[in-house]
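What follows is a set of notes on a single structure, which appears directly below.
4 protein chains.
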Amino acid sequence: MLKVAVVGASGYTGVELIRILHNHPEVLVTSVTSEQSAGKRLSDVFPSLRNRYDILLESLVPEKIAEKADIIFTALPHKAAMQVVPTFLATGKKVIDLSADYRLKSADEYEAWYEPHLNPELLVEAVYGLPEVRRAEIAAARLIANPGCYPTSIILGLMPLLKKKLIDPSSIISDSKSGVSGAGRGAKVDTLFCEVNEGFKAYGVGGVHRHIPEIEQEISLLAGEKTAITFTPHLVPMDRGILSTLYATPVASVSAADIHRLYEEHYDGEAFVRVLKQGEFPSTAFVRGSNFCDIGLAVDSRSGRIIIVSALDNLVKGASGQAVQNMNIICGFPETMGLDLIPHYP
Amino acid sequence: MLKVAVVGASGYTGVELIRILHNHPEVLVTSVTSEQSAGKRLSDVFPSLRNRYDILLESLVPEKIAEKADIIFTALPHKAAMQVVPTFLATGKKVIDLSADYRLKSADEYEAWYEPHLNPELLVEAVYGLPEVRRAEIAAARLIANPGCYPTSIILGLMPLLKKKLIDPSSIISDSKSGVSGAGRGAKVDTLFCEVNEGFKAYGVGGVHRHIPEIEQEISLLAGEKTAITFTPHLVPMDRGILSTLYATPVASVSAADIHRLYEEHYDGEAFVRVLKQGEFPSTAFVRGSNFCDIGLAVDSRSGRIIIVSALDNLVKGASGQAVQNMNIICGFPETMGLDLIPHYP
Amino acid sequence: MLKVAVVGASGYTGVELIRILHNHPEVLVTSVTSEQSAGKRLSDVFPSLRNRYDILLESLVPEKIAEKADIIFTALPHKAAMQVVPTFLATGKKVIDLSADYRLKSADEYEAWYEPHLNPELLVEAVYGLPEVRRAEIAAARLIANPGCYPTSIILGLMPLLKKKLIDPSSIISDSKSGVSGAGRGAKVDTLFCEVNEGFKAYGVGGVHRHIPEIEQEISLLAGEKTAITFTPHLVPMDRGILSTLYATPVASVSAADIHRLYEEHYDGEAFVRVLKQGEFPSTAFVRGSNFCDIGLAVDSRSGRIIIVSALDNLVKGASGQAVQNMNIICGFPETMGLDLIPHYP
Amino acid sequence: MLKVAVVGASGYTGVELIRILHNHPEVLVTSVTSEQSAGKRLSDVFPSLRNRYDILLESLVPEKIAEKADIIFTALPHKAAMQVVPTFLATGKKVIDLSADYRLKSADEYEAWYEPHLNPELLVEAVYGLPEVRRAEIAAARLIANPGCYPTSIILGLMPLLKKKLIDPSSIISDSKSGVSGAGRGAKVDTLFCEVNEGFKAYGVGGVHRHIPEIEQEISLLAGEKTAITFTPHLVPMDRGILSTLYATPVASVSAADIHRLYEEHYDGEAFVRVLKQGEFPSTAFVRGSNFCDIGLAVDSRSGRIIIVSALDNLVKGASGQAVQNMNIICGFPETMGLDLIPHYP
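Laid out in structure tokens, this is it:
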């Protein structure tokens, strides 16, 4: 059995990791940490886990955690992650980090969007853990930067077109919508039930959301040239789910059938990407609780623009499920092990 | 007192008309019709109206309805509207039609998107009732085509830029999101609670939604040239509200401050359009139950694209509130009479 | 014009007061206060009020507020209210207090459930402001204790039976359910969207909720004898609404028709209590945004138990609407002035 | 591998069965049926199942289905079930019926609440499949009547008290609340999103809900005497979950600690019943997607009444999960096989 630690287990990605790992036949969760709830049982923080995870939450002492684990999942806020990841690596353990701390290759970019990086040398080594993009590198990594939820939906939605250089790189727009769990479990007025329910809003409009450098880094690599994005996130009154509606202008006229064939071929064999039939479009409801990313495709009859709609569960393929997928690759387990989850419907 | 009839009172726009007209000091609702519920009390169909609107729903006999009313609101499905509107007009009464039947100027376009029009001669006469665009024509009209909900959010969002010819007409994208009441009160699996709740989806992707010809007709008129739109509607798990996120490429570089000043000046004096401060963006929650259309503005720092976010309540400014606003204009009442509604929050 | 102040305007009952008062033809809101948001515009705190209530929030200086107002609504947390109410009264102004501070007649009871009372002498004078129970006393009062939301639903639901002594006072159970706005606008994990949405729970089980002494005081007065209640509150994933399902054993066998007649007669002439037809039961959806309390009645065929279901909007009849109703009575305005609101549906 | 058929796979209990069975290591779903969707793929009806259950839905020909299956789950409406179950049994196959058709022991009672029974002789043989009540009988059965969702929550909530004869059988009240999926997937106005969302209502008030005879049959058996219930169901605006708040008067004074000990002992060793700590109460959110029934306990300090709160997922422990639990018992699999599901949170 693989021993794993979940560092930062009192947030939504933490509890989702536990839920998924519980069904993994080769994994044993050996320790869970939380600064604010240390000393409580995990099931006191998340009563959903009663009688299953009554283990105590520890305060984070990296060396102690590392002793008991083969792989460490860090589900901490940014900055907190980079304060402890080097210690985990120094003990010889592998780390799958769910924060933003190791996603950017450039320390300058990290500083521009966040703050000065504490261990920029690790940025070079860390592997951006999107299995559908770089499975082999992930298998060999000791530090995985698990992708953000919005970026996963956007990169998977654009990859086939980008790699074939079929779209004008200056034309890309992602109008993205997220459920509320993406905002975390902190006590804030903005995410109170009555502030969110029965409303829909845009936020971070105009190119200011911190996921932008991560998206641009990855789509530029795929396109082989500097590629920008206009990205507008929105908040949907639901717990889980991200849906990105992507717009791009093709460099030459294409049909919906062409695009569809391209995506089917590109994602052939991928267990977690479902390319929908022509004329079908995804709903977050049909991926809820699963590791799927569903993709629907159209060509706008009036402008020739390509429209791609991608949907995933932000806590699964957008966070904890993808983290387990990375773990499976690193450990040589079948990639779907513990992740063959049918979406909850309704 | 102005006597009004609400034809098609058993749908969501019908009951919303009643709610708004109830607070109008100059209006008396003299008859309400419904084919499927004729003979029942209106308050049996909508128990919210108990003790206030216990009047009987009639089957629609246009002459009978016209006798008792000065103005007739037709809140019928398309096709059903054009079957009765000519009769109402023939009796000398004015009609405010909430269906799509008189919104398009071209009978060919109507036929292409719907079916052959039964009285195409009225298409020329009907006035597309967006007060912020053509107040004077509305005042003189006897047939108002009350605008669609999506189109209202898009046209108001784009008007200042279009009139000044500041944007490339081929660059316009509207990524729009609607609450579920827009789908009406018919019994369909697609709009059951469990099918909609906790999900978010795109529909009508690729230029196939019937609001497109209406939008393009109006933005072309404003721009003074043929202007197309890429329009993607989405369904939000909430009762009310539409939010459109609009993207357009400026013909010359502009700043957010420039755009903001333009909108403030353009909408100066409009009672129901609120241009938000720079850096603020609308939520449907802040217009719920009111006749406001809120507009926020940004310029994307990376691409120079202009992003406009507009929000309204689809049942009020997107339907019944706008219909009452048109009635006020036609009747010479103050435009805000009965419509000075503070949004419900929360 | 009556000048009113809203003290504690940055909470949900505060903004709802503003919404209702805005439609009151005889009222002008002259000042609004908030400690945490003093110096901000009210519309910055509640963007729903943009362009309508851009007035500045003041820090609470009772003398300054009293100078500008004829009537003061205090929408403060308990304890904060009793710290300022005496000052308002001393200036000769009338106060309608929406907190719990003046609802209990007994200072001992107040201390047992809350803490020592700061001005117990006012408990005797304060009038528990349920117009359907004591309209005349309200008219003559200078201090109104505006009832709690749960108690209003329960007292109105039981009053006709209690006054006729038709039920066993030891048999009463209220299984009550509330929307989330009742929990206020404070930043707490418990009322985050993701904690509340898609869940239903009981809380305060076993006779520990602070509304109990208030309920028992009032139902005892109505029954003319000490009357206890078993009260279980629950949290519903919706913004607004309270529904109480009340169970009581009759002292002698009664039919549903008897009960129904009793309630119809009892509430005959009441503008805001709607006794539903036999076989009909209320939904909070049909009172949303209005000052109605809807009541449905049944007799359980198997046990003879009487079941009363009452529903109201916790922010309107359960708080701010009732406060305005009290204001109307005190000021000699028609009781429905500004309150003839049709519920929002949907 | 056990071959199973899901008859009536196009409803919510059908798709939930598929979701659960997919994770069962010993089961293969060999056929799925639907009259209205025969010829379509199961994944066309439930896109959540894309790429996993693209098998064709068949029209129901019992002999054909029985040929391919060892066990048949019938997830049909009442009446439809009893039309086919005898044929399945005649082929020697075992049946787990999720309808109401075999839950009542008395054909007269069935007729009184539903209609004349088509095969009353099977009522005697059928085993009411609540494992926590009669595990041994289930193991030996060839026809399981899978319990209703409300009854499961009520029977599990009352069982320890009933068996010990600690409560007055005439005092029992169940105030129960259900999510919307319990109403099925049929196209009805009543369960449209806009009719249900943001509202809470009682229905079937006064002893008329069809689950009553089933509840009374089972609690009478447990109590060893005829025991009635006052049962009021309510509709909660959420997809899944049932919470029952149960009230009962003890025959002699008991403490909360006594009751708690009783429940802990009674349910000791049960994998799916979680007795909460004193002072804790369940939420449907903490059992969502799992086979758990959570139970919280209190004694009302004012009346001595016992209050039991039980919560489960109506589609899992209240339907499909319990059906799989019964299948495990019948087949000799570990009772938790395929059912060790951590609740989805959030």
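Residue numbers (the working numbering), protein chains in the order written: chain A, 60 to 405; chain B, 60 to 405; chain C, 60 to 405; chain D, 60 to 405. The beta-carbon is built from N, C-alpha and C at its ideal position, and this holds for glycine as well.
For D353/B and L374/B, believed in contact at Cβ under 8 Å, the rounded distance: Position 315 of the second sequence, counted from the first residue, corresponds to residue 374/B. Position 294 of the second sequence, counted from the first residue, corresponds to residue 353/B. Actually they are not in contact, since the Cβ atoms of L374/B and D353/B sit about 16 Å apart, beyond 8 Å.
Residue from E180/D, G283/D, A125/D and A185/D whose Cα sits closest to the Cα of R201/D: As a first step, residue 201/D must be located in the fourth sequence, where it is residue number 142. For the residues E180/D, G283/D, A125/D and A185/D, the minimum Cα distance to R201/D belongs to A185/D.
Contact test: S312/C Cβ vs the ligand HEM heavy atom, cutoff 7 Å: The ligand HEM is absent from the structure shown, which contains no ligands of any kind.
Presumed contact (8 Å Cβ cut-off) between H137/D and R111/D, rounded CB distance: Your numbering for residue 137/D matches position 78 in the fourth sequence. Your numbering for residue 111/D matches position 52 in the fourth sequence. Incorrect: roughly 30 Å between the Cβ atoms, too far for contact.
Bridge partner(s) assigned by DSSP for T304/A: Translated into positions along the first sequence, residue 304/A becomes position 245. In DSSP, T304/A forms a bridge with D234/A and V368/A.
Opposing strand residues paired with K260/B [DSSP bridges]: Counted from its first residue, the second sequence places residue 260/B at position 201. According to DSSP, which records beta bridges pairwise, K260/B is partnered with S342/A and L294/B.
Interface residues of chain B facing M297/A [CB-CB closer than 8 Å]: Within the first sequence, the letter at position 238 stands for residue 297/A. Residues of chain B passing the Cβ test: N256, E257, G258, F259 and P296.
A140/A: first and last residue of the uninterrupted alpha helix (DSSP H) it sits in: Locating residue 140/A in the first sequence gives position 81, counting from the first residue. Counting along the chain, the alpha helix (DSSP H) containing A140/A begins and ends at A139 to A149.
Inter-residue Cα distance where the pair is L225/D and G377/D: Taking the first residue of the fourth sequence as 1, we reach residue 225/D at position 166. Taking the first residue of the fourth sequence as 1, we reach residue 377/D at position 318. Each residue's alpha carbon lies about 26 Å from the other.
Nonlocal neighbours in the same chain, by C-beta distance under 6 Å from T304/B, ignoring five residues either side: On the second sequence, position 245 is the one that residue 304/B refers to. D234 and V368, listed in sequence order.
Test item: CB-CB of P237/C and L294/C under 8 Å: Locating residue 237/C in the third sequence gives position 178, where the first residue counts as 1. Locating residue 294/C in the third sequence gives position 235, where the first residue counts as 1. Residue identity check: residue 237/C is Ser in the sequence provided, not Pro. Contact: yes.
Environment of K153/B [buried if 16+ CB atoms lie within 10 Å]: Here residue 153/B refers to the residue found at position 94 of the second sequence. Looking at its Cβ environment, which holds 16 or more other Cβ atoms inside 10 Å, K153/B is buried.
Proximity winner among L119/A, R347/A and K123/A, relative to T150/A (alpha-carbon distances): The sequence position of residue 150/A within the first sequence is 91, counting from 1. Minimum Cα-Cα distance from T150/A among the listed residues L119/A, R347/A and K123/A corresponds to K123/A.
Assigned secondary structure, D129/A (DSSP; H/G/I helix, E/B strand, else coil): Stepping through the first sequence from its first residue, residue 129/A is reached at position 70. D129/A: coil per DSSP, three-state reduction.
Contact under 8 Å by Cβ, P175/D with H270/D: Here residue 175/D refers to the residue found at position 116 when the fourth sequence is read from its first residue. Here residue 270/D refers to the residue found at position 211 when the fourth sequence is read from its first residue. Result no, Cβ atoms of P175/D and H270/D do not sit closer than 8 Å.
Under the three-state DSSP convention, the category V375/B falls into: The residue you call residue 375/B lines up with position 316 of the second sequence. Helix.
Interfacial residues, the stretch 71-87 of chain D to chain B, with Cβ spacing under 8 Å: Y71
Contact belief for R361/D with A370/C at Cβ below 8 Å, rounded distance in angstroms: On the fourth sequence, position 302 is the one that residue 361/D refers to. On the third sequence, position 311 is the one that residue 370/C refers to. About 25 Å; that fails the 8 Å criterion.
Contact under 8 Å by Cβ, H403/A with G348/D: Position 344 of the first sequence, counted from the start, is the residue given in the question as residue 403/A. Position 289 of the fourth sequence, counted from the start, is the residue given in the question as residue 348/D. For H403/A and G348/D, yes; Cβs fall inside 8 Å.
CA-to-CA distance, P121/A to V382/C, given in whole angstroms: Here residue 382/C is taken as the residue at index 323 of the third sequence, counted from 1. Here residue 121/A is taken as the residue at index 62 of the first sequence, counted from 1. With the sequence shown as reference, residue 382/C is identified as Ala, and Val is not the correct amino acid for it. One C-alpha to the other measures close to 57 Å.
N-terminal and C-terminal residue of the alpha helix (DSSP H) that R320/A is part of: Along the first sequence, read from residue 1 onward, the residue named residue 320/A stands at position 261. Unbroken alpha helix (DSSP H) run through R320/A: A315 to H325.
Under the three-state DSSP convention, the category G216/D falls into: The sequence position of residue 216/D within the fourth sequence is 157, counting from 1. In the structure shown, G216/D sits in a helix (DSSP, three-state: H, G or I).
Under the three-state DSSP convention, the category G380/C falls into: Translated into the one-based positions of the third sequence, residue 380/C becomes position 321. Helix, per DSSP.
Cβ of V248/B within 8 Å of any chain D Cβ: One-based indexing of the second sequence puts residue 248/B at position 189. Taking Cβ atoms only, chain D reaches closer than 8 Å to V248/B, which makes this a yes.
Where D353/D sits in the DSSP three-state scheme: Here residue 353/D corresponds to residue number 294 of the fourth sequence, with the count starting at 1. In this structure, D353/D counts as strand in the three-state DSSP scheme.
Distance CB(V143/B)-CB(L119/B) smaller than 8 Å: Taking the first residue of the second sequence as 1, we reach residue 143/B at position 84. Taking the first residue of the second sequence as 1, we reach residue 119/B at position 60. Taking 8 Å as the Cβ cut-off, V143/B and L119/B qualify as a contacting pair.
Proximity test, Cβ basis, 8 Å: V334/B and chain A: What you label residue 334/B is simply residue 275 of the second sequence in a count that begins at 1. No, V334/B does not count as interfacial toward chain A.
Outcome for A68/A when other beta-carbon atoms lying within 10 angstroms are tallied against a minimum of 16: In the first sequence, the residue the question calls residue 68/A occupies position 9. A68/A is buried by the Cβ-count criterion.
DSSP beta-bridge partners of E174/A: Looking up residue 174/A in the first sequence gives position 115. Looking at the DSSP assignment, E174/A forms no beta bridge with any residue, so it has no partner.
Below-8 Å beta-carbon distance, G348/C vs any chain B residue: The residue given as residue 348/C occupies position 289 in the third sequence. Yes, because at least one Cβ of chain B sits closer than 8 Å to the Cβ of G348/C.
Alpha carbon of P145/B to alpha carbon of Q337/A, nearest angstrom: Here the question's residue 145/B lines up with position 86 in the second sequence. Here the question's residue 337/A lines up with position 278 in the first sequence. In this structure, the CA atom of P145/B is about 42 Å from the CA atom of Q337/A.
N-terminal and C-terminal residue of the beta strand (DSSP E) that I155/A is part of: In the first sequence, residue 155/A corresponds to position 96, counting from 1. DSSP places I155/A inside the beta strand (DSSP E), whose first and last residues are K153 to D156.
Simplified DSSP assignment, three categories, for T395/C: If you number the third sequence from 1, residue 395/C lands on position 336. Note: T395/C maps to coil in three-state DSSP.
CA nearest to the CA of G243/B, picked from I388/B, D298/B and G266/B: The count along the second sequence starts at 1 and reaches residue 243/B at position 184. Residue D298/B is the option with its Cα nearest to G243/B.
DSSP three-state assignment for E273/A, whether helix, strand or coil: Here residue 273/A refers to the residue found at position 214 of the first sequence. Correct three-state label for E273/A: helix.
Neighbour flag for S240/B against chain D, beta carbons, 8 Å: By 1-based counting over the second sequence, the position of residue 240/B is 181. So yes, S240/B belongs to the interface.
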